[in-house]
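Protein chains in written order, with our numbering: chain A, 1 to 393; chain B, 1001 to 1399.
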Amino acid sequence: MSLQIDLIKAKSLKESIYTAILSIILAIITILVMITIFNFYNLTLNMDNLIEYGVRDILSNPENIAGMLYWTTPLIFSGLAVAIAFKAGLFNIGGQGQMMIGGLFSAIWAAEIIPKSGINFMNTKIFLIPTTILIGFIAGGIWGMIPGYLKAHRGAHEVIVTIMMNLLAINVATYLIGSNSYSPFLDKTSKDAHSQTDKISPEAQLQPLFPEVSSRLNISLFLGVVLIILIYILITKTNFGYKMRAVGLNSIAAESAGIDTKKITTLTMALSGGIAGLGGTFMVMGTYPFRYQIGMEGTLGFDGIAVSLIAQNSPFGILIAALFFGFLSQSAYNIDIKTEDVPPDLLYILQALVIIFAATPLISKKIISQLVYTKNFLKKKWNQASDPTEEKQ
Amino acid sequence: MTINNLKELQLKSKLGKLLKIPVIGPILKLMIILEVIVLFPYILNIFFYGVIYPIPYHRQMWSLLLSTFVFEQTLRAAIPILLTAMGGTFNERAGVINIGLEGIMLVGAWVGVYTAIITGDPWFAALMAMIAGGILGLIHGILSITFKAEQITVGVAINLFALGLVKVLSELVWQAQYSPQLDPEYKFQRLYLLKKPILGNILKYFTFSNYYTVPVIGPFLMKLPDIVTALSNQHILILIALGLIPILHILLFKTSIGLRIRVIGENPQAAATAGIAVKRYQFFAVILSGVLAGLGGATLSIGNNSSFKENMIGGRGFIAIAALIFGNWTIIGAATASLFFGLFIALNINFNSAVDHFYVPKPFIQMIPYLATIFALSGFIGKSRPPKSIGKPYDPSED
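Okay, here's the thing in structure tokens:
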């Protein structure tokens, strides 16, 4: 039960870019085939609307570009979380639960504990914003550390444990904010309170950067970019990052070289969980209702796997991949609002297909080798045609 | 070694001897497990309400545990999990890990309802759900066996794919995220075998309620769940699923096909050396798993319920994976674990109404299967060992 080394091994830049682009193209082709099959069974989609609201409107309307960047932010965090675990040979598919717990506890901190504590100096921007972020990081980190610890010390497979942690997270959230009868942190101010925390203190809310364009774009995107740079430095320039990569490539060799693999595994999963938790925290701090609602993260935690796969786990690749998936998310959002002829979930199918093709490097490898072969073959033919002397030789 | 430790050992050995007695042993084991199940909520309740009188609590809990309707609900809640978990056992025994069972169940549930609405024939609907599950299993197989993809990632992708597909299809077909309510004729109805003319008369002799008036054993039987009545009130898919347990157990552990599948999961290279067509058996296992998961989804949508909702699986596919781990990768183990998880679902419905002063919030009871799985995987409860080559694609060029 170990990760395939294929995913961790560094590839040449050209190869990874080809693989990424090919898997996106293959996914688009597959979804077009699916739409054709739907049409065959008279389940007709309005393709014009799909192109109009799914693509053209996104790229031309500044509000939609801001929306795309808004979706990019959590994807950067969940993608980084998956990628950093990959570097140490671990597969963190608990991003969903870690995001949930991070968002939930930072919302509880900023909405219930601090404003209702009555201590005024704590309810200020300068105290509340950093502590809220920290709480999200720690909560997500603990949620990630448990599978890491169990993997390192008890040999429990981290994939299954993180799945269980995802399900546990849902139950924790249901207990804390899900019910009228027993939940301690359920929003009690509004009458139709429904599985959400109270609104967080205004001091903890992140203000929009360009209020006239979009209310959803805030500083967290740039924090995400800074985090990408920090993670890049951590992985490539520090002692810890070196050890992490050593464990990822060959944990037995790392162990015999004197690296404490158990500690590295636990810490990497904690860091990974913390980063995913930050994604949830910034969603709470920067989005309109300014509260944690059950299910607000959708499948963003799982989409991080797609981001990380497309980016081939390189930190800067994650920025580009997150932009692409941010585009898809905004596209789905826009279709959902503006038109009724196209189901927005088509774009989730596209995301899943991208994951499938990116996780199957052999398909794109075969296609690439076929293309190279065809290219060489044509070149030969062309040379033969243009240079008649060659044929005689 | 201190005296205390020695005493403990003695106690353990006495208990161990008791547990080895043929008939009383298993019953005693079951009673100990059930007592743990009874005690755990009691301890939780201390945090939420306070200490309550243990004797009435015990009486109410045990009568709830051994009541016929809880047994009935347990079966109904457990069967979708059980079918999927048994399929997943085959899958993992062949060395392929499938996280996508949740998605396959979802598609199975959708296809079941859709076909039932179109054709009005639940049997045909169940068949189509199985075929749809099989196709998804085949896709998983092609990607992870033929193309050697990362199996876990493909599983996650299949979950997302299934969720998206089901939402799109519901939107296109029903213009909503849920299906219309099925006509009762179109779904698997409960059988109520005891009310059938001839069979009912025969079955009546096997029910406990027939002997309640008998002097000595009557009052005793009254305290036990009436198994035959509970079974005869279920719909047919549940009985089929229960019948599949021994069949699949024999297939995996008593036939050459099963032996080959298990060898492949442990060491595919050795299996290939012995002349076994590794990939063919892996495909068989993966498709069988998909078929069973599809049927599990259909059980939920056209058996237990009569409509489709996009969140109707609600993690049951993951609980099935938990069950097969808890069952230590055996069919009987997976089935037992599924039944226990089903028992928790059934108890959770009835706890608050049946037991006085019981205020443990429902999420805490729901957490128990997941926590138990984490403990089992970490080696705190029993020992669970996965097949050795699980998750690794078979590559003939490796040695």
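For every residue, glycine included, the Cβ atom is placed at its ideal position computed from N, Cα and C.
By a C-beta neighbour count over all protein chains shown, 10 Å radius and 16 as the cutoff for buried, is residue i buried or exposed?
i	result
residue 188 of chain A	exposed
residue 1246 of chain B	exposed
residue 1036 of chain B	exposed
residue 1370 of chain B	buried
residue 1275 of chain B	exposed
residue 1020 of chain B	exposed
residue 212 of chain A	exposed
residue 1128 of chain B	buried
residue 184 of chain A	exposed
residue 57 of chain A	buried
residue 1224 of chain B	exposed
residue 1003 of chain B	With a pLDDT of 49 at residue 1003 of chain B, under the threshold of 50, the predicted position of this residue should be treated as unreliable, and no value is reported.
Under a CB-based cut-off of 9 Å, is residue i close to chain B?
i	result
residue 230 of chain A	no
residue 65 of chain A	no
residue 303 of chain A	yes
residue 198 of chain A	no
residue 361 of chain A	yes
residue 251 of chain A	no
residue 182 of chain A	yes
residue 356 of chain A	yes
residue 218 of chain A	no
residue 148 of chain A	no
residue 241 of chain A	no
residue 157 of chain A	yes
residue 369 of chain A	no
residue 347 of chain A	yes
residue 98 of chain A	no
residue 56 of chain A	no
Please tell me whether residue i has its Cβ less than 9 Å away from any Cβ of chain A.
i	result
residue 1350 of chain B	no
residue 1379 of chain B	yes
residue 1370 of chain B	yes
residue 1373 of chain B	yes
residue 1279 of chain B	no
residue 1106 of chain B	no
residue 1315 of chain B	yes
residue 1366 of chain B	yes
residue 1042 of chain B	no
residue 1018 of chain B	no
residue 1268 of chain B	no
residue 1046 of chain B	no
Leaving out the 5 sequence neighbours to the left and right, which residues in its chain are closer than 7 Å to residue i when beta-carbon positions are compared?
i	result
residue 1287 of chain B	1134, 1137, 1138 and 1141
residue 1209 of chain B	1226 and 1229
residue 132 of chain A	106, 109, 110, 204, 281 and 285
residue 73 of chain A	220, 221, 224 and 282
residue 1267 of chain B	1388 and 1389
residue 1088 of chain B	1098, 1101, 1289, 1320, 1321 and 1324
Can you tell which of the options has its C-alpha closest to the C-alpha of residue i?
i	options	result
residue 82 of chain A	A:47, A:309 and A:39	A:309
residue 1372 of chain B	B:1360, B:1338, B:1183 and B:1353	B:1338
residue 28 of chain A	A:165, A:246, A:357 and A:266	A:357
residue 1057 of chain B	B:1352, B:1342, B:1377 and B:1281	B:1352
residue 325 of chain A	A:341, A:317, A:256 and A:307	A:307
residue 1363 of chain B	A:179, A:197, A:227 and A:113	A:179
residue 1066 of chain B	B:1350, B:1316 and B:1368	B:1350
residue 1389 of chain B	B:1359, B:1278 and B:1110	B:1278
residue 163 of chain A	B:1188, B:1258, B:1129 and B:1367	B:1367
residue 1393 of chain B	B:1119, B:1146 and B:1054	B:1146
residue 195 of chain A	A:58, A:295 and A:316	A:295
residue 104 of chain A	A:50, A:265, A:46 and A:171	A:171
residue 1122 of chain B	B:1357, B:1304 and B:1264	B:1304
Give every residue of the same chain whose Cβ lies closer than 8 Å to the Cβ of residue i, excluding the five residues on either side of it in the sequence, and list them in chain order.
i	result
residue 34 of chain A	349
residue 271 of chain A	84, 141 and 144
residue 1189 of chain B	1235
Closer than 6 Å by C-beta to residue i: which residues in its own chain qualify, once you throw out the five before and the five after it? Chain order, please.
i	result
residue 255 of chain A	261
residue 1143 of chain B	1149 and 1154
Can you pull out the residues from the region 121-133 of chain A whose beta carbon lies closer than 8 Å to at least one beta carbon of chain B? Hits within the stretch: zero.
Could you please tell me which residues of the region 1138-1168 of chain B, in chain order, have their CB closer than 7 Å to any CB of chain A? Listed in sequence order: 1143, 1147, 1148, 1149, 1150, 1152, 1153, 1154, 1156, 1157, 1160, 1161, 1163, 1164, 1165, 1167 and 1168.
When Cβ atoms are compared, which residues of the region 1319-1331 of chain B fall closer than 9 Å to chain A? Residues of the region 1319-1331 of chain B with a Cβ closer than 9 Å to any Cβ of chain A, in chain order: 1319, 1321, 1322 and 1325.
Residues in the region 1172-1191 of chain B with C-beta within 7 Å of chain A's C-beta atoms, listed in sequence order? Of all residues in the region 1172-1191 of chain B, 1172 and 1173 have a Cβ within less than 7 Å of some Cβ in chain A.
Check distances from the C-beta atoms of the region 1205-1238 of chain B to those of chain A and list, in chain order, the residues that come in under 9 Å. Per Cβ criterion, the list is empty.
Got a sec: which bits of the region 158-174 of chain A sit with their beta carbon under 9 Å from any beta carbon on chain B, in order along the chain? Those residues of the region 158-174 of chain A that come within reach of chain B (Cβ to Cβ, closer than 9 Å) are 159, 160, 161, 163, 164, 165, 166, 167, 168, 170, 171, 172, 173 and 174.
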